[in-house]
Amino acid sequence: CVFCGRTDDCPEKYGEKRTYVEYNLTVHYYCLLMSSGIWQRGEEDEGVDGFLITDIRKEVNRAAKLKCNICKKKGASIGCVAPKCKRSYHFPCGIQRECIFQFMEDFRSYCWEHKPVQTFMDKESRGASQCIMCLDLIEHLPAYTVLKTPCCKNAWFHRECLQYQALSAGIFFFRCPVCNNTDKFQKEMLRMGIHIPEKDASWELEENAYQDLLQCYQHCDVKRCLCKKGRDYNEPDSKWEIKRCQYCGSRGTHLACSSVKSWEQNWECVECRSILAKSGKYSKQKKRSLATSKKRHRTTCLLEEPSPKSPRQSSGSQCNFLLQSPKIMCQNNLSPCSHLELPTSNRVSMSLSPLMANRDWSLRQKYLREQRREVCNILKELKTQINTKPTRLNINAENIWNSALKGFRQRSFSPTNTIEINFTNCKNRSKTDTSAASKHHFFKLLMLHLQNSSLFEGSSAKNLSLDFQAVKENLYFEAGKMIAISLVHGGPSPGFFSKTLFDCLVYGPENVKPALEDVADVDVAQTIRTIKYANSLSGLQSTIDDCYEFLGAAGCLRPVTALCDKNMLVDDILIHHVIKRTISPLESFRQGLKTLGVLQKMQLHPDAFSSILCHKPERLSAETICDLFTIHSSSDINKVKGATFWMSYLQDVESGESVVTLEDILLFVTGCSSIPPLGFDPEPTIKFLCIRYPIGNRLLNCLELPRTKTYQQFKNKMELTIRSTLKVEKE
């Protein structure tokens, strides 16, 4: 070592010994770190951890003139920081003479005379106790080799034991072994010269250190095991798959041995069941599940499909839920029924009369409205993160994706800043527009582009696709980030997620079972249908032979000995094609959705977020628009008269007796053709003023209406103004 002149290689005492052949330089890390006349003037990757080579040579030359007060040799680069103390020494000599080196702040060094000491109470300085680390006896003396924790009364350590523990645990895990105190304990140990490296713990860096913990319990514990291959036999995706107790996880059963119909069905071992029975929780759970099932029979169409953790309804179930594609077909006459703009994977077929279907449709709409109100409150809570600092995005509407991507990736962009939009390709919008209308228009174009991009596949209900170039460019992360920002900043929701994609995001892909409707590839879907509807073993085997290469590449080849094996084969193909194949894009997409805490809220409130991510916005009605606006007027008479004209006009528009639509009215006032999930800020208002024609103030979301004597005058002015304004904007 150029500082101490020793050849010892002892990382625990002197730090890592490093040799730099190109500079003809060898140093102990601690010798370099504690030298009094050198500082880190470079970046971390320059020189030796930021110490420039020229500075190291200058320090070596300076130390060559100083004699060590311990070994009497030249090269003493470390000096005591106590005032008027002129002692200098090498680092190893200082360790030998019990000097204190503080590995913090200015990296101070204290000689044997001025070093800090721990103060002991009179009672503490008597007797002896065990070292918490090595369990050897320690005398309670204020010695260099003995340290006492500041946070516990009777905890004593050898200095050497503590130093080894600090080097192993690192700054993130080094704490008092007795009470787990971190701040107070680390501060005192640093003061007393214990080096705590800024690194992760050694046991965290060891490869496959926790491999044993990943082993799952695989044993059938029921009294009478039906499996001929033994209790330890486990065949996934079959009746001989082992299911663990949902409470303790330390007991298991084959699905067939306990008559468990599917993997999604919960199972409790005898011990846990008896504990629950004694506590009274087991019987309550049974009653609750019975009540829930009865409730489901009464309102079959009100609730969402079961979560991925509960089994899918079979075709013979009492609720008559049948997975169908693209249209809902009533079983009575097999004619198409009206749809609620649901994604394909969510559509079901039920044996209901037209009257019941209309009733369930209205209940469904009511349920979705309640969920959207809930998600609105959640998004308002997330919006509190947004500050007033502006971030300007220059957007080209004709190249929305690239300009948005460039804006979101710029160094100054922060999701918590207020977004301002400048449409660079539009003469009428050449200036930066801070209104919510311009921002909503930007996010609307962005969501429309995402829906039709190569990142997603499917018709109306979309899943993630596998685009290798997009994975390479991290575009799935950016897409998730854009959706999260759109929701919190008042933009529209995507509304095109399939139920499978949403469940993968919320519950995790391992808990989701995809359906045939999730397969967008026509050839793959046809292969699955051929296997699924094979009516003989020979026909099934022939189909497998025809698509042997495809099944082999997908890892779905399995021995087929009976016709019923086709069901497991179909499940394997679906899981591979829809989930496993896109696991990398899915994880990247999830990370993007974590922006501003959106994914966490999705996982806490899945039903609420499903209403905006898996469903298109609710079709506007006169009642919805009426409830949205608050009427302000200087006179009660004007207010009543104006409100009557306003309501009559909305009803005419809804019934088709007007040349404008309800969407046109909302667009005229707010710049948005639909109500965003976050709602409007400020809330839309109406004012009746002495003006000739209506005015839509989009900055305040205020509709200023003229006072007219007759309803026909009011209607004519409304239609003329709205049509003309929107026509000019469109041009």
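So for the sequence shown, the UniProt record's numbering puts the first residue at 1; every next one is plus one.
For glycine and all other residues, C-beta sits at the position ideal for the given N, C-alpha and C.
Based on the DSSP secondary-structure assignment, which residues constitute the bridge partners of residue i?
i    : result
G696 : L703
S129 : I138
I395 : F423
W156 : C131 and K148
F688 : L705
E370 : DSSP, once it has assigned bridges, lists no residue as partnering E370.
T253 : K243
K462 : F497
R390 : Reading the sequence as shown, one finds Pro at residue 390 and not Arg. The partner list for P390 (beta bridge, DSSP) reads T418.
For residue i, count the other beta carbons within 10 Å of its own beta carbon; 16 or more makes it buried, fewer makes it exposed. Which is it?
i    : result
M602 : buried
R590 : buried
N333 : Caution applies to N333, whose pLDDT of 37 falls short of 50 and renders its modelled position unreliable; the value that the coordinates give is listed next. With fewer than 16 Cβ atoms within 10 Å of its Cβ, N333 is classed as exposed.
E478 : buried
A277 : exposed
A553 : exposed
E188 : buried
N61  : exposed
P682 : exposed
I421 : buried
V728 : exposed
R373 : exposed
L393 : buried
E473 : exposed
K228 : exposed
V117 : exposed
A63  : buried
L253 : The question names Leu, but residue 253 is Thr in the sequence shown. Burial call: buried.
F172 : exposed
R529 : exposed
Take residue i as the anchor and find which of the options has the nearest alpha-carbon.
i           : options                   : result
G495        : A470, A515, H158 and L613 : L613
L450        : R57, H254, D518 and L464  : L464
R57         : I70, G37, E43 and E44     : G37
T416        : P390, E398 and F423       : P390
N535        : C564, F550 and T582       : C564
D521        : E457, D467 and L557       : E457
S168        : H158, K366 and K199       : K199
F103        : P197, I138 and S658       : P197
E139        : Q712, Y533, L700 and A128 : A128
G555        : S486, N511 and K580       : K580
residue 732 : T725, G230 and C176       : Here the chain covers residues 1 to 731 and nothing more, so residue 732 does not appear.
E398        : I419, L445, R369 and I194 : L445
T670        : R411, C702 and P694       : C702
R723        : P492, T661 and D607       : T661
D627        : S412, W646, A201 and E98  : W646
Q186        : L162, E204 and L205       : L162
L368        : D45, H615 and R97         : H615
V178        : D106, P694, I78 and K153  : K153
H158        : V21, H28 and I132         : I132
S274        : Q265, Y247 and S588       : Y247
S454        : Q469, I665 and F442       : Q469
A155        : A201, C134 and L33        : C134
F120        : W39, G249, L214 and L141  : L141
Quick one: residues in its chain with C-beta nearer than 8 Å to the C-beta of residue i, no 5 flanking neighbours on either side, listed in chain order?
i           : result
E663        : L620, S673 and S674
residue 768 : This structure cannot settle anything about residue 768, because the visible part of the chain is limited to 1 through 731.
G5          : K73, G75 and H90
V260        : K243, T253 and W267
S289        : For S289, the predicted structure reports a pLDDT of 42, less than 50, and the residue's modelled location is therefore unreliable. A value from the coordinates is still provided. Answer for S289: no residue qualifies.
residue 743 : Since the first and last residues shown for the chain are 1 and 731, residue 743 lies out of range.
Tell me which same chain residues have a C-beta within less than 7 Å of the C-beta of residue i, skipping the five on either side of it?
i    : result
S293 : For S293, the predicted model reports a pLDDT of 40, less than 50, meaning its position is unreliable and no value from the coordinates is stated.
L405 : E478
E235 : E241
G679 : C376
S345 : Any reading at S345 must be qualified, since the residue scores a pLDDT of 38, below 50, and its modelled position is unreliable; no value is offered.
T595 : P415, K481, A484 and I485
Using a Cβ-Cβ distance cut-off of 9 Å, determine whether residue i contacts chain D.
i   : result
K84 : Included in the structure is just one protein chain, with no chain D present.
Excluding the 5 residues flanking residue i on each side, which residues of the same chain have their C-beta closer than 6 Å to its C-beta?
i    : result
D523 : none
C257 : C220, V222, C225 and L226
T424 : N394 and N396
P9   : According to the sequence displayed, residue 9 carries Asp and not Pro. K17, listed in sequence order.
Closer than 8 Å to a non-hydrogen atom of the ligand ATP - does that hold for the CB of residue i?
i    : result
L147 : Among the components modelled here there is no ligand, and therefore nothing to report on the ligand ATP.
3 or more residues per run - each beta strand (DSSP E) lying fully within the UniProt domain "PHD-type" (1 to 115): List check, beta strand (DSSP E) in window: 17 to 20 and 25 to 28.
Runs of beta strand (DSSP E) lying entirely within the region 604 to 669, each at least 3 residues, in chain order: 630 to 632
Contained beta strand (DSSP E) runs [length at least 3] in the region 464 to 528, N- to C-terminal order: none
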